[in-house]
Amino acid sequence: MTGILFMGVNITPDSEERDELPGRWWPHASLTLASTGAALEDVVHYENYRSKEEADAVALHLARRRIRDELHQG
Numbered sequence: 009m010t011g012i013l014f015m016g017v018n019i020t021p022d023s024e025e026r027d028e029l030p031g032r033w034w035p036h037a038s039l040t041l042a043s044t045g046a047a048l049e050d051v052v053h054y055e056n057y058r059s060k061e062e063a064d065a066v067a068l069h070l071a072r073r074r075i076r077d078e079l080h081q082g
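In my numbering, the protein residues as written are 9 to 82.
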């Protein structure tokens, strides 16, 4: 999945498969400010999913929520 721009923040889903549980994917997304390129804290989730696409979708959802709730508080 490619990155998207949401409320001035670039979101790049890059969920990962780990050695301890092959075939399962953990949601992960990198966040950067579009204006400066500064990296923000990554979005991670500790539940795993059966496919990279599903995990990336969860990471994208969590990233959007975090941007709305934490970075744009009014």
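From the three backbone atoms N, C-alpha and C, an ideal C-beta is built for every residue, glycine too. Just so we're clear, the structure is a prediction, and the values are computed from it rather than from any experiment.
{"query": "Where A46 sits in the DSSP three-state scheme", "result": "coil"}
{"query": "Assigned secondary structure, H36 (DSSP; H/G/I helix, E/B strand, else coil)", "result": "strand"}
{"query": "Cβ neighbour criterion (16 or more within 10 Å) applied to A71", "result": "buried"}
{"query": "Sequence-distant residues of the same chain with beta carbon closer than 6 Å to V52, five excluded per side", "result": "H36"}
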